[in-house]
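Numbering (the working numbering), first residue to last: 1436 to 2171.
Following this line, the structure appears as structure tokens:
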């Protein structure tokens, strides 16, 4: 690039007398000077760039490894301004009140610059445009030469490095010649570049919004339609009106007869579906074989569940720190009981795989029919016996000596006895209004020992406050009111200033296992009454137990003084009937529907709550918390209602409001046997220590604790695990 420029410069100097070359000198000198300035600037920039690449290492810099240098640190930037106010309040002209502003401007301004904008149509804008146009016309030739020199520079900068060095040498020579030319003839002064103003036509506008006044709109209903009618009534018109009315009445009677006929047909169909209906000779011949085949098919279908029931033991209990689990087994359900709730469950005392389920409804606004089903674990797909009733079943109980007899209490206040031996769908015995049925739902029934004449006897409790004893005399039920639950301090004044006493609502009761006359009654007011069969007008004791209705109260099967109660106030309490205050109180965080003692230990009990959970406690292991709290049913529109332990097998059955009965197996931690005691318990406190009773032990001979005084040996019978805990029945008194 400098070489070519130098040749042109020499040609211009060789003819000083030529007229064409003289006016071109100043532009060439200017371009050469620009070339020199550009070359020096590029050289200086290269040196500065190279110097900037040299790294200056501070003395306190850390020595990092390659892995630490490659590690990435992520920083998350959010658009929210932490300093933006959140509680701005402004006046609303529409509502005429101060309102908080939900939207807050999160913009943070880091840089702002005020510009000077002038209208092109203004006087100052016209003067600047004229000034800029004249300056552009004066600089036009200089700009063209500058453009050509810049294009030449761009082309020549792409040559090789060696050619570039030669051009620099030639350029230095030409620069000297240019300096000499400038000294001879001065160049014309350069026009100063002026800063262009904003050429956009900017117009500033201002607007003002009009606040509309607040308006109200009144509502007016449409006028009722009306019509003027006038007519004359003749004798034949009156006759026709009467005939039409009689025809309508006849049609309504026909419809009612058809509905009654349909109901009777449905009842006949239900009776035909029951397994206790008399069947033809052909069916009875193969009924037993068909039942056996059905059980075998179900055994193959549910073989995995049967294997778990028989052999599976949760080995992880060893590492759970005394915690246990419930393994789901069979689920018993019937199509016609989907809309009914499980209101009662009871195991058969003789056949350990058979249990009865009562179906009804706890929604008192939707009462209808009820059902009584009998299931066996040998056939979980279909019930063994089916009984339907006109009213919902609220409770049931098997007879201990006659396991084919089942006492049932209904929602309409009646009680009945079903006999499984008889091939009929109707109860063998049933109460009526003449025989003294209850006026309110029957909540619990319990069989008792036969009376003096060896007649069967059972008790019932109802919301009408009556506890009634029912006796089967020949072919009818004879009732006797044992006690009425009167509430203290609730005397009301009736007509003619008569004092009327209100009665409590009984919800549950249980009889003592050893003392025949003693029983407990739970009420809807939350109280528990200790009563006796011998006193019909007085209670032995009253316990202020709960704040809501007592759902269940049960005596401990082994300890004669202990009983348990549960209520809808979320608590389960364990009592000693000689003490007014409870020994243990457990809050389960939901209404407790039912509670049951285990048949294998005096310290294990289970409770179910309406949130779908089952809780199993063992007082000998943990007196404060449950060993197992497990969800059994889904929480959505379903609640657990009842729970029962099997008397032999380590399983429990749980019923819910959708008519399902679920069986679950207890893990080994939940069915541990109680610890064996070896201390001697005096049977008769005498100074000679003539009789002693040693507590549970598995060794055949034990030395009495007072052997130093009386020198007696105690012989103790070996006992099995199924009868562990029954001290008074299994142990013999010490002999001299």
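Even glycine gets a Cβ: it sits at the ideal position worked out from N, Cα and C. Treat the numbers as computed from the prediction; the structure is a model and nothing was measured.
Start and end residues, beta strand (DSSP E) containing residue i
i, result
"residue 1557", "Careful: residue 1557 lies outside any beta strand (DSSP E) and carries neither H nor E."
"residue 1853", "1850 to 1854"
"residue 2079", "2075 to 2080"
"residue 1779", "1776 to 1782"
"residue 1832", "1828 to 1833"
"residue 1661", "Premise fails: residue 1661 is in no beta strand (DSSP E) and is neither H nor E."
"residue 2050", "2048 to 2053"
"residue 1793", "1789 to 1795"
"residue 1805", "1805 to 1811"
"residue 1649", "Residue 1649 -> no beta strand (DSSP E), and no H or E assigned at all."
"residue 1799", "Note, residue 1799: premise wrong, no beta strand (DSSP E); not H, not E."
"residue 2110", "Per DSSP, residue 2110 belongs to no beta strand (DSSP E) and is neither H nor E."
"residue 2100", "2096 to 2101"
"residue 2041", "2039 to 2044"
When the options are compared against residue i, the one with the closest alpha-carbon
i, options, result
"residue 2096", "1740, 1780, 1681", "1780"
"residue 1876", "1818, 1940, 1853", "1940"
"residue 2068", "2053, 2082, 2083, 2088", "2088"
"residue 2236", "2052, 1909, 1992, 1704", "Residue 2236 lies beyond the residue range present for the chain, which begins at 1436 and ends at 2171; the question has no answer from this structure."
"residue 1735", "2079, 1815, 1696, 1753", "1815"
"residue 1824", "1832, 1837, 1847", "1847"
"residue 1984", "1967, 1966, 2006, 1974", "2006"
"residue 2055", "1553, 2105, 1508, 1979", "2105"
"residue 2004", "2025, 2011, 1513, 2010", "2025"
"residue 1645", "1529, 1741, 1751", "1529"
"residue 1920", "1904, 1899, 1909", "1899"
"residue 1857", "1867, 1841, 1850, 1869", "1841"
"residue 1896", "1882, 1909, 1745, 1908", "1882"
"residue 2076", "2082, 1492, 1747, 2030", "2030"
"residue 1988", "2040, 1973, 1662", "2040"
"residue 1532", "1649, 2013, 1512", "1649"
"residue 1859", "1836, 1838, 1822", "1822"
Short Cβ contact (8 Å threshold) for residue i with residue j
i, j, result
"residue 1827", "residue 1807", "no"
"residue 1914", "residue 1871", "yes"
"residue 1906", "residue 1892", "yes"
"residue 1962", "residue 1990", "no"
"residue 2028", "residue 1986", "yes"
"residue 1544", "residue 1536", "no"
"residue 1762", "residue 1743", "yes"
"residue 1805", "residue 1831", "no"
"residue 2036", "residue 2108", "yes"
"residue 1541", "residue 1572", "no"
"residue 1803", "residue 1829", "no"
"residue 1943", "residue 1878", "yes"
"residue 2100", "residue 2086", "yes"
"residue 1791", "residue 1817", "no"
"residue 1491", "residue 1520", "no"
"residue 1765", "residue 1737", "yes"
"residue 2063", "residue 1758", "yes"
"residue 1778", "residue 2102", "no"
"residue 2082", "residue 2034", "yes"
Local Cβ density within 10 Å of residue i, reported as buried at 16 or more and exposed below that
i, result
"residue 1731", "exposed"
"residue 1565", "exposed"
"residue 1671", "exposed"
"residue 1550", "exposed"
"residue 1659", "exposed"
"residue 2079", "buried"
"residue 1403", "Residue 1403 is absent from the structure shown; the chain starts at 1436 and stops at 2171."
"residue 1723", "exposed"
"residue 1911", "exposed"
"residue 1477", "Note on residue 1477: pLDDT 44, under 50, position unreliable in the model; the coordinate value appears next. Residue 1477 should be labelled exposed."
"residue 1901", "buried"
"residue 1772", "buried"
"residue 1678", "exposed"
"residue 2002", "buried"
"residue 1998", "buried"
First and last residue of the uninterrupted alpha helix (DSSP H) at residue i
i, result
"residue 2065", "Residue 2065 -> not in any alpha helix (DSSP H); beta strand (DSSP E) instead, spanning 2063 to 2066."
"residue 1740", "1738 to 1746"
"residue 1504", "1501 to 1505"
Closer than 8 Å to chain D by CB, residue i
i, result
"residue 1882", "Structure shown: chain D not included; a single protein chain is present."
Please give the ranges of any beta strand (DSSP E) in the stretch 1509 to 1541, keeping only runs that are unbroken, at least 3 residues long and fully inside the region.
1524 to 1527, 1532 to 1535
For the stretch 1856 to 1934, which segments carrying the beta strand (DSSP E) assignment without a break, of at least 3 residues, lie completely within its bounds, in sequence order?
1877 to 1883, 1892 to 1897, 1901 to 1908, 1911 to 1919, 1921 to 1928
Counting only runs of 3+ residues fully inside the stretch 1960 to 2035, write out the beta strand (DSSP E) ranges in chain order.
1962 to 1967, 1976 to 1979, 1985 to 1990, 1997 to 2002, 2006 to 2011, 2019 to 2022, 2027 to 2032
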